[in-house]
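Chains as they are written, first to last, in this note's numbering: chain A, 1 to 470; chain B, 1001 to 1186. Here a beta-carbon is modelled for each residue, glycine too, at the ideal position from N, C-alpha and C. Fair warning: this is a prediction, and the values are worked out from it, not measured in the lab.
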Amino acid sequence: MRLNLLLTTVAAMGIAAASLVQAQTATQSLNGGPSRQQAQQQPAQDGGPIEVEIDQGVLRPFQIAVAPFSGQNGASIAEVVSGDLRRSGFFEPINPASFIETGLTLANAPNFPQWTQIGAQAVLYGSVTPRADGRNDFGFRLYDPYRQCQLVSYNFTATPEQWRRIGHKIADVVYERMTGESAFFDTRIVFVAESGTGLNRLSRLAIVDQDGGNPNFLTDGSEIILTPRFSSNPDEIIYMALGEDYSRIYLYNLTTGRRENLGEFDGQPLAPRYSPDGTKVAFSIIRGGNTDVYVMDLQTRRLSRLTTDPGIDTSPSFNPDGTRIVFNSDRSGTPRLYVMNADGSGQRPISRGGGSYTAPAWSPRGDLIAFTRSGGGQFGIGVMAPDGSGERMISRSYFEEGPSWAPNGRYLMFSRQTRGGDTNLWMVDLSGRVVAQSGYQGRGSDPAWSPLLSETPANLGRGGPDSCDT
Amino acid sequence: MMTASRIAKVALIGVAVAAMAACAPRRPVEGATGPGGADQGVNIPAYPGPGTGAIEGGGIGSGAPGSENDFVVNVGDRIYFDLDSYQISPEAYPRLDAQAAWLQRYPQVTVRIEGNADERGTREYNLALGARRAESIRNYLIERGVSAGRIDTISFGKERPIAQGSTEEAWARNRNGRTAIASGAQ
């Protein structure tokens, strides 16, 4: 099932949207996976309150009032928006119980003093309106009640069941408008859902919206699933599977459910990652106890060996233009990070500290490399520049590993295990200021963040007589 | 691209690299008694001698000569490794010698060496580490006369722990290599 998400601008003062510019995004899969998987047992839904640890001394989050939208699922949409904004660490949604003005409609501006009175630095409200074609209009406005002007307005048109995703799109618009950073809420996470313990541990490939919504299992648990990663196309993933007597890398299409073995290799394959353009896969093959990095062209299936030394060389990750690869090697005696050209030339170490560095991931912005570093009985997530300078740790605990970048390069998701306890998905912002369990609260590891499912529209309604921009 | 010194290193890999890895832990572990081999005895689980291992009840054929049960119960299918090491420890020699002898007695049997790591490492690195352990066992068995063609290897990294919990003892048990019967047992 493929659905179109039609985006339309709304006129500045509530004029009918139909006559105005329409922008259609690329078609998107919105059903959370093939329908045959819908019947399977669902992973855990949100299991409790979201905790965001914010150092109030460093930054006071932006106070935003997100009013319940009118219409179908309106209150739930507001909750999705509030949850996204809160988890980002930049926003603190005000408790709706303290709202003075209620019943806002898109035709009118808010009563500004009633919002400044409760400390709202921005007011978001909207409505869900059925259309003749069976879809809904999801319109919203964001106002600055102090300056008494409109920050942004927009109308998304989509099928009624897409309300949750529309919530993420709205949160993306607000986030971009208020922070100047690019969007990241309209994304999904593939990860390994875990259940059972020890030899009875069951691991299943799973997918969930970035905030924990719409969780679905994609495999049945007959194989141990490891390290799923997205292609630049958010419908395509690659992952590793371990059976009783085999190790494979699978390509998997989330929309069609089609799974393909990358190949049978002379040795054990592991650690797959797509090139940024999705045409190649870098991975490792273990042969005779020695692990080296290879790259395979998906079109020709030609395999090239990039490393040849007797040390462990694994966890390759491309830079955004695909010309360089960061990887992990213990050729010097301890695991360190190395960078090489995409053809294997120019290999050189970049990590400078002690302890061990593993599991590097190059930021989609290109400016940073995230990694796992261990030492002193702890494991942590850190970032450094591609030349190894400016290293800083942004999270640390008993055990955590495997950072995956949000598409805007400002957040990382990783898995954290408590001593003797469960493994869960955690999220941290680049400053290390916001560290919180991710929206998905069940047991899971190896999260991989998808690209944006669709771009935030460029033609946002920011004009009109009461625009903050004029 | 290989320099002379690199070639020399490769030639010495069996001894030098293994020894280097053994005494260059990739991370300190809480509660460890000290660097180097001081705590090796503590970390290595006891090896039950032939016949003293736990024997569970079973149907007819349990432990019959040449059977998988015979191998597991009377020879022992796992050996254990030091922290961050893939060197076969002397404590493991008797068991691997017994495995080699058993495999020579039953030449139709093929095996799969499974390399395992503890939970105190990242996923992909641990897979590579487990593979080194499996390869060490494979090489040992080949040296003891088992033909290379009968021995396959696979690494499970930290994905198949046999001991639960986050204790030194559990980690020590999970750093192992298992010789699994792939085919040919009676």
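Query, Result
"Neighbour list for Arg1132 (chain B) in chain A, Cβ cutoff strictly below 7 Å", "Gly289"
"Sub-8 Å separation of Val152 (chain A) and Arg177 (chain A) beta-carbons", "yes"
"Which of helix, strand or coil DSSP assigns to Ala1148 (chain B)", "helix"
"Met340 (chain A) versus A:Ser467, A:Asp277 and A:Tyr294, residue with shortest Cα-Cα distance", "A:Tyr294"
"Cβ neighbour criterion (16 or more within 10 Å) applied to Arg352 (chain A)", "exposed"
"Neighbouring residues, chain A, relative to Gly1165 (chain B) (Cβ below 8 Å)", "Gly420"
"Anticipated Cβ contact below 8 Å, Pro228 (chain A) with Val190 (chain A), distance rounded", "4 Å"
"Nearest-angstrom Cβ-Cβ length linking Arg443 (chain A) and Ser195 (chain A), presumed shorter than 8 Å", "7 Å"
"Neighbour flag for Gln37 (chain A) against chain B, beta carbons, 8 Å", "Reliability fails at Gln37 (chain A), whose pLDDT of 37 lies under 50, so the model's placement of it is uncertain and the value that follows must be treated cautiously. Gln37 (chain A) does not count as touching chain B."
"Buried versus exposed call for Asn261 (chain A) [16 or more other C-beta atoms within 10 Å across all chains shown]", "exposed"
"Test: Asp446 (chain A) CB closer than 8 Å to a CB of chain B", "yes"
"Where Arg1132 (chain B) sits in the DSSP three-state scheme", "helix"
"Cβ-based contacts, 8 Å cut-off: residues of the region 241-262 of chain A near chain B", "Leu242, Asp245, Tyr246 and Ser247"
"Per-residue DSSP class, three states only, for Glu401 (chain A)", "strand"
"Cβ-based contacts, 9 Å cut-off: residues of the region 401-412 of chain A near chain B", "Glu401 and Gly402"
"C-alpha gap between Ile207 (chain A) and Phe230 (chain A), whole angstroms", "11 Å"
"Nearest candidate by alpha-carbon position, reference Thr291 (chain A), set A:Arg331, A:Thr255 and A:Ile325", "A:Arg331"
"Whole-Å CB distance - Asn1176 (chain B) paired with Phe1081 (chain B), under 8 Å assumed", "7 Å"
"C-alpha gap between Ile94 (chain A) and Ile64 (chain A), whole angstroms", "6 Å"
"Leu1103 (chain B) (DSSP reduced to helix, strand or coil)", "helix"
"DSSP state of Ile1044 (chain B) mapped onto helix, strand, coil", "Note on Ile1044 (chain B): pLDDT 48, under 50, position unreliable in the model; the coordinate value appears next. Coil."
"Inter-residue spacing [alpha-carbon to alpha-carbon] between Ala1182 (chain B) and Asp343 (chain A)", "38 Å"
"Under 9 Å (Cβ pairs) to chain A, residues found in the region 1175-1186 of chain B", "Ala1180 and Ala1182"
"Chain-order list of residues whose beta-carbon lies under 7 Å from that of Pro310 (chain A) (same chain, five-residue window excluded)", "Asn290"
"Closer than 8 Å to chain B by CB, Ser397 (chain A)", "no"
"Buried versus exposed call for Glu264 (chain A) [16 or more other C-beta atoms within 10 Å across all chains shown]", "exposed"
"Residue-chain proximity (Glu1091 (chain B), chain A), Cβ-Cβ < 8 Å", "no"
"Partners in chain A for Tyr1080 (chain B), counting only beta-carbon separations shorter than 8 Å", "By Cβ distance, chain A contributes nothing, its closest Cβ being about 17 Å from Tyr1080 (chain B), past 8 Å."
"Distance between Ser363 (chain A) and Leu298 (chain A) (C-alpha atoms, nearest Å)", "23 Å"
"Rounded separation between Leu1127 (chain B) and Gly180 (chain A) - CA only", "41 Å"
"Backbone CA spacing between Asn1174 (chain B) and Ile1154 (chain B) [nearest angstrom]", "15 Å"
"Neighbour flag for Thr1122 (chain B) against chain A, beta carbons, 8 Å", "yes"
"Span separating the alpha-carbon of Ser70 (chain A) from that of Gln150 (chain A)", "19 Å"
"Contact with chain B by Ser315 (chain A), beta-carbon distance below 8 Å", "yes"
"is_contact[Asn424 (chain A), chain B] using C-beta, thresh 8 Å", "no"
"Unbroken beta strand (DSSP E) run spanning Tyr239 (chain A), endpoints", "Glu236 to Leu242"
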